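Going by my numbering, the first residue of the sequence shown is number 366, and it counts up by one from there.
Built from N, CA and C at the ideal position, the CB exists for glycine as well.
Owing to the predicted nature of the structure, the values given are computational and were not obtained by experimental measurement.
Notes follow the structure.
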Amino acid sequence: MVKRFKFIRDKRNEMGLTIEQLADRAHVSPDLISRLERGNRDDVSLSRLESILDALNLKLGDVFDQTELDEQSNQFVQAFYLMDSEKKKQYAKVFMEIIDLNS
């Protein structure tokens, strides 16, 4: 299984936090943190991921620095990240509908 969120464990360890401490700071369950770090779960909601990243003093854009993106995808991520919350919700809904249509 791909460990897409391995950087969470790395950053948590760097900050000297236990899974429980990070979960408490992020207002999520320790089980969610543990499963993300092990690669047993990758369907985390954007709001929960943002909470975890905030607790680690990271931004959503930092997640995408962990992977290689082509230029167009990188521009998309940057534009999405700069949108206000309401606009992000609207665009995310449209994008998910498009993805569902193509599945």
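| Asked | Found |
| --- | --- |
| Is it a yes or a no for the stretch 404 to 416 touching the stretch 374 to 389, going by three-plus beta-carbon pairs under 8 Å? | no |
| Any contact between the stretch 417 to 426 and the stretch 391 to 407? By contact I mean 3 or more CB pairs, one from each, below 8 Å. | yes |
| In chain order, what residues of the same chain lie with their CB nearer than 6 Å to the CB of P395, ignoring the 5 residues before and after it? | I384, E385 and A388 |
| Does the beta-carbon of L447 have 16 or more other beta-carbons within 10 angstroms, so that it is buried, or is it exposed? | exposed |
| Please state whether the Cβ-Cβ distance between E415 and L401 is less than 8 Å. | no |
| Measure the beta-carbon distance from R369 to G404 and round it to whole angstroms, keeping in mind my assumption that it falls under 8 Å. | 7 Å |
| Taking the Cβ atom as the reference point for each residue, do K453 and F445 lie within a distance shorter than 8 Å? | yes |
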